[in-house]
Amino acid sequence: MAMENNNNAELKMVLPEQFTIAAAADVCEILLDFLDKPDCAVIDGSEVQRADAAAMQVMASFCKTAEKSHLEFEIHKPSDVFMESWQICGLDKIWPLN
Numbered sequence: 112m113a114m115e116n117n118n119n120a121e122l123k124m125v126l127p128e129q130f131t132i133a134a135a136a137d138v139c140e141i142l143l144d145f146l147d148k149p150d151c152a153v154i155d156g157s158e159v160q161r162a163d164a165a166a167m168q169v170m171a172s173f174c175k176t177a178e179k180s181h182l183e184f185e186i187h188k189p190s191d192v193f194m195e196s197w198q199i200c201g202l203d204k205i206w207p208l209n
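One rule links them: number in this note's numbering = place in the sequence shown (from 1) + 111.
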């Protein structure tokens, strides 16, 4: 899991391959840090090979809080596994991913 701050006012985080309850606290900590910055948050889901409901709950909480805070965010290149978990949890109805 990596986080970087680009010069073009964009924060980027790569979600871990095993995006499960074991990684949820670490991911949550980084996402909470994003909420304190005015930059656009880009969350790269391309490496996710396993995702559980706890991980999706962290993502849903971040998305909802980011919206309330008027923070722009993008879930970039979600893997098939990420997309499937997103859809199973019904999050695609709230935040459709391309």
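Glycine included, every Cβ here is placed at the ideal spot set by N, Cα and C.
Short of 8 Å in beta carbon distance, which residues of its chain neighbour residue i, apart from the five on each side in sequence? Order them along the chain.
i: I132; result: D163, A165, A166
Which of the three DSSP states, helix, strand or coil, is assigned to residue i?
i: M114; result: Legend: pLDDT at M114 = 49, less than 50; position of this residue unreliable, no value from coordinates given.
i: D147; result: coil
i: D163; result: coil
i: I186; result: strand
i: I205; result: coil
i: E128; result: coil
In its own chain, which residues sit with a C-beta less than 7 Å from the C-beta of residue i, not counting the 5 before and 5 after it?
i: W65; result: In this structure the chain extends from 112 to 209, so residue 65 is not present and cannot be described.
i: T176; result: L146
For residue i, which residues in the same chain have their Cβ closer than 6 Å to its Cβ, ignoring the five residues on either side in sequence?
i: V159; result: L126, F130, S190, V192, F193
i: F184; result: A152, A177
i: H187; result: V153, D155
For residue i versus residue j, is the C-beta spacing smaller than 8 Å?
i: L182; j: V153; result: no
Check each candidate in the options and name the one with the smallest Cα separation from residue i.
i: Q168; options: C200, M124, N209; result: C200
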